[in-house]
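Visitor: So the number in my numbering is just where the residue sits in the sequence shown, counting from 1, plus 296. Glycine included, C-beta positions come from ideal geometry on N, C-alpha and C. Structure provided below as structure tokens; questions to follow.
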Amino acid sequence: MARKAADNTIARVTEIISTSDKSFDDAISSGIKRACKTLRDVRGAWVKEMKVDVDNGKISRYRVDMLVTFVVHENV
297 MARKAADNTI ARVTEIISTS DKSFDDAISS GIKRACKTLR DVRGAWVKEM
347 KVDVDNGKIS RYRVDMLVTF VVHENV
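Laid out in structure tokens, this is it:
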């Protein structure tokens, strides 16, 4: 999915899923950190869904499903 912003830049959105054993915040942070390793000019993210896995009555994993927005640059 691509969109054209008012300043004539093109942005793309990609969906990622990230997990953490610690917290939702850690899952979000590690997902953004990983996305920035492969995507140029990441501008933001929207957390679409948050979910936990439960084992023996305790939270064992935090999961977030995010849409990450990044700017597409032309090769000049």
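(1) Compute the Euclidean distance between the alpha carbons of residue 326 and residue 304, then round it to the nearest angstrom.
(2) Please state whether DSSP places residue 351 in a helix, a strand or coil.
(3) Measuring straight from C-alpha to C-alpha, what distance separates residue 369 and residue 320?
(4) State the Cα-Cα distance for the pair residue 347 and residue 355, rounded to the nearest angstrom.
(5) Just to confirm, are residue 360 and residue 339 a CB contact at a threshold of 9 Å?
(6) Please list, in chain order, all residues of the same chain as residue 323 whose beta carbon is under 8 Å from its beta carbon, the five residues on each side excluded.
(7) Excluding sequence positions up to five away, which residues of its chain have a Cβ less than 6 Å from the Cβ of residue 343?
Guide: Well, looking at it:
(1) Residue 326 and residue 304: Cα-Cα distance of roughly 30 Å.
(2) Looking at residue 351 - three-state DSSP - the assignment turns out to be strand.
(3) Using only the alpha carbons, I get a separation of about 31 Å.
(4) Answer to the nearest angstrom: the Cα atoms are 10 Å apart.
(5) Cβ atoms of residue 360 and residue 339: not closer than 9 Å.
(6) Excluding residues up to 5 positions away in sequence, 314, 315, 316, 358, 359, 360 lie with their Cβ nearer than 8 Å to the Cβ of residue 323 in the same chain.
(7) Closer than 6 Å at Cβ, skipping near neighbours: 360, 362.
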